[in-house]
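Input: a single structure, listed below in C-alpha cells.
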Amino acid sequence: MRFGVICRSFTYSADGEPQNDYRPNTKHVCFQNAELSFHNSSSKPAGISDHATAICSILFGQDPNGVASSVGSFLYEGVVPQAQGHIYEFWHFVKQYIYAQAKPEVDIASVSFGQPVEAEWTRGIEALIEHKGMVFVASIGNGLNASDPSFYPGAGPNVLGVGVVSSVNAADAATKLSEFALAYPEESSTGPTADGRCKPDVIAPGNCLVADQEADRGYSMTGNWSSFSTPVAAGVVGLLMQTARQNPELSPVLSPDGGNCLLKAIVMNSATKLPFWHKGRLGIEDDHEVPLDYVQGAGMVNATRAHELLTAGRGKPGDIAAAGWDLNQVRQGLEYQQVYRITIDESSQKTLTATLVWNRHYGQTYPFKHLSDIDSDLRLEVFAIDPANPTRPVLPLDYSDSKVDNVEHLCVDIGTLPGYTVYEIVVSYSDLGAKPASPAGERYSLAWSVEAKQTDESILWYDLNADGIVDDRDLAILKNNSTAGQKAPGAYLIGDVTKDGSIDDADVQAVEANRNKKAAWRIDTVAVNGPVAASVVN
188 MRFGVICRSF TYSADGEPQN DYRPNTKHVC FQNAELSFHN SSSKPAGISD HATAICSILF
248 GQDPNGVASS VGSFLYEGVV PQAQGHIYEF WHFVKQYIYA QAKPEVDIAS VSFGQPVEAE
308 WTRGIEALIE HKGMVFVASI GNGLNASDPS FYPGAGPNVL GVGVVSSVNA ADAATKLSEF
368 ALAYPEESST GPTADGRCKP DVIAPGNCLV ADQEADRGYS MTGNWSSFST PVAAGVVGLL
428 MQTARQNPEL SPVLSPDGGN CLLKAIVMNS ATKLPFWHKG RLGIEDDHEV PLDYVQGAGM
488 VNATRAHELL TAGRGKPGDI AAAGWDLNQV RQGLEYQQVY RITIDESSQK TLTATLVWNR
548 HYGQTYPFKH LSDIDSDLRL EVFAIDPANP TRPVLPLDYS DSKVDNVEHL CVDIGTLPGY
608 TVYEIVVSYS DLGAKPASPA GERYSLAWSV EAKQTDESIL WYDLNADGIV DDRDLAILKN
668 NSTAGQKAPG AYLIGDVTKD GSIDDADVQA VEANRNKKAA WRIDTVAVNG PVAASVVN
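Residue 711 in my numbering sits at position 524 of the sequence shown, and the numbers go up by one each step.
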C-alpha cells in the first residue's frame, strides 16, 4: 500500500516561499522501520514539522516499547505501519500533480489542513479524484473554537471529509485515549457548506498519542483536532484497499472509474451513529433533501463494520444479500431505474441502511472549473412489498433526494409490517423525465446493510458534557441550548433527548430522571471540570 501525506511547510518567507520544514521527526524510534520517502522542490535544508510528525506517527509509527509519563508503558502502532509513506510538501504536490493533473505514485492521500473557500487547487483535487481515480481523505476543520466554516478540500464534493469525535471529559489520560463522546460543533466544523451541501461525510476519534517532535523517544496527546482524526479515517480506507488487493472479487474498490465513490459509500454506510444523529436541522422528521447530520455526517468511522461490509461482496441489481455493495451505471428514464431486492424474515425489527455516492464533474485543465451542466441529480428510495399478496400496495418507506449533494443516505426501520418481507432499494435520476445531461448516464456506487435494530442506552444522551456523570452541569447545558434554539431556530443543537424535534421541558425531565447515572469509566475520586459549552452553529 502506497500512502501519501500532504504536509504544509511550518514556516514561509516574506514572499510566501515554503521553507521546507514539512517533514516528520524521523529520528524518533517509532519511525525506525517506517518506509518513508520525501518529495519537495526546495534546495533548502529539510526541517521538521510537529504537525507532520503527529500525522505520520498516527499512520506509520511502530514502537514495541513506547513510554509516556501520562499513561506508562505501551505498544505503539499506527493505523498502516507497513505502508509505503510518501510525504509531499504541499506546494510541490500542487505544482507537480494537481496543476499538471498527474496521478502521484500513491493509492490514497491524506490532507490535514485547508482553507474556508474553494480555490483552483481544491478543484484540481476534485478533478484528480474524478479523472485519475485518486482517493483523497481530508479534514473538515476544528469547529467554532478554531474557525467556523467547513474547510476545503475536505468540504469538496468528491473528497471524503472527516470531522472529529471528542474524547470524554476525564482527568485520566488513558481514559481520554480510549473513551470517546460525541462530535461537538465547538471542535468539529459542521455543514452545510456555502453552497448548501452536507459535510462532514464521517467523523473519527482525533485525540491520539503521537511522537515527540524533537526527541528520539516520548509521546504526547494531541487533543481533539480534525487534523488527527483524518489519518485515522484515511488509514481505515487504506486497509480496505489493501484487503481488496488480496481478493480479485473485491477489485471494483480499486477501479479508477468510481472506486473512490465505492470506498466512500462503504465507509459511510458502516459508520456508527452516535446519540443525537439526525439528518439536517433539528426537527421531528428526517429531511429528505438533507442526507446527513451536519456535525456527524453518516456517523463515526467503524473499521470492523467497514471491513465486514466490503468482504460481504458485490450485489448487482435484482436479488441481493442483506449486506453488500455495487459499482454500476444508471441512465435517465423510468425504464433505467436500478432496483436491488432484499428478502428478510419477520422475527425482529431491523434497520436498513443504504448509501449512494457519485462524483461531481470538473475540467481537467486549470482552473478546473466545476462542470455543473453535466452533473447528475440522483435519488435513493426504499419500498416494502408483500410477496404473498400482490394486491397489497407497494409501500414507499423513505427517500433521500438532495438537490445539491452527490451523496444520498437512508437509515430505515423495517420488519414491523406483517407480510412485508421484501424491500427494494431503488437508484434513479431525481427527475426521470428531464433531458439527460449525458446519454451514458452516471457512474454510481451503492452500499447497504440490514442489521438488527440496536437499542441505544448510551449515557451520552444525558451526560452532555461527557464527564461520566449526569448532574447539574448537564442540565445547565441543556437549558442553554434550549434558549439558544429559541433565538436561532435553524441552529445545530445537542439535547433533543426525547427525539420530538425540539429541546424543551420533556428533555429536561429525561435528563433529570437519569441524574447521578455514571459511565463505566468514571472515577469518583478524581474531580473532573470543564463542561462542554452550549453546542450551537447558526
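Positions of the beta carbon are idealized from the N, C-alpha and C atoms, including for glycine. On a predicted model such as this, the values are computed, not experimentally measured, just so you know.
Annotated three-state conformation of R528 is strand, per DSSP. Taking the Cβ atoms as the reference, W648 lies roughly 5 angstroms from V684, within the contact range of under 8 angstroms. In the structure shown, the three-state DSSP call for H465 is coil. By the Cβ criterion, the stretch 488-495 is not in contact with the stretch 394-411, since fewer than three pairs of Cβ atoms, one from each stretch, lie closer than 8 angstroms.
Boundaries of the alpha helix (DSSP H) around L364: A360 to S365. Between the beta-carbon of F190 and that of V293 there is about 6 angstroms, and that keeps the pair under the 8 angstroms contact cut.
The stretch 496-507 makes no contact with the stretch 555-574, as fewer than three CB pairs between them are under 8 angstroms. In this chain, the beta strand (DSSP E) harbouring Q249 covers Q249 to A255.
Counted as a single uninterrupted DSSP element, the beta strand (DSSP E) harbouring F570 occupies residues L565 to I572.
I390 sits in a strand when the DSSP states are folded into three classes. Around the Cβ of I561, a 10 Å sphere holds fewer than 16 other Cβ atoms; the residue is exposed. Annotation: S416 to L262 spans about 20 angstroms, alpha carbon to alpha carbon. If you draw a 10 Å sphere on the C-beta of A707, you find fewer than 16 other C-beta atoms in it, and that means exposed. Taking C-beta separations shorter than 7 angstroms and ignoring five residues to either side along the sequence, the partners of E374 in its chain run N329, G330, N332, V351, S353 and N411, following chain order.
Between R547 and N593 a beta carbon distance of about 5 angstroms is seen, short of the 8 angstroms cut, so the two are scored as contacting.
In the three-state DSSP reduction, A663 falls in the helix class (H, G or I). Residue environment for Y199: exposed (fewer than 16 other C-beta atoms within 10 angstroms of its C-beta).
Fully enclosed beta strand (DSSP E) runs of no fewer than 3 residues occupy 609-616 and 629-639 of the stretch 604-652, in order along the chain. Proximity to N227 across Y209, V216 and T213 peaks at Y209, based on C-alpha coordinates. Around the beta carbon of A639, fewer than 16 other beta carbons lie within 10 angstroms, which makes this residue exposed. For R432, the enclosing alpha helix (DSSP H) has its first and last residue at S413 to R432. Between the C-alpha atoms of Q536 and L604 there is a straight-line separation of about 9 angstroms. For F261, the enclosing beta strand (DSSP E) starts and ends at G259 to E264. Per DSSP, C598 is one residue of the beta strand (DSSP E) stretching across V594 to I601. Relative to G259, the option among E611, S407 and E307 whose CA is nearest is S407. In the DSSP assignment, G348 falls outside any alpha helix (DSSP H) and within the unbroken beta strand (DSSP E) covering L347 to V352. The beta carbon of P336 sits closer than 6 angstroms to those of P303, all from its chain and outside the five residues before and after it, given in chain order. Per DSSP, the unbroken beta strand (DSSP E) holding D585 starts and ends at L582 to S587. Sorting E305, A306, V281 and E307 by C-alpha distance to the C-alpha of A296 places V281 at the top. CA-to-CA, the gap between Q524 and A342 works out to about 29 angstroms. The criterion of a C-beta distance shorter than 8 angstroms is not satisfied by I531 and V614.
A buried status is given to G486, since no fewer than 16 other beta-carbon atoms sit within 10 Å of its beta-carbon. Here P232 has N207 as same chain residues with Cβ atoms under 8 angstroms from its own Cβ, once five neighbours each way along the sequence are excluded.
Taking one beta carbon from each stretch, the stretch 355-371 and the stretch 458-477 have 3 or more pairs nearer than 8 angstroms; the two touch. CA-CA distance, K363 to D654, rounds to 11 angstroms. The three-state reading of DSSP puts I245 in helix, counting H, G and I together.
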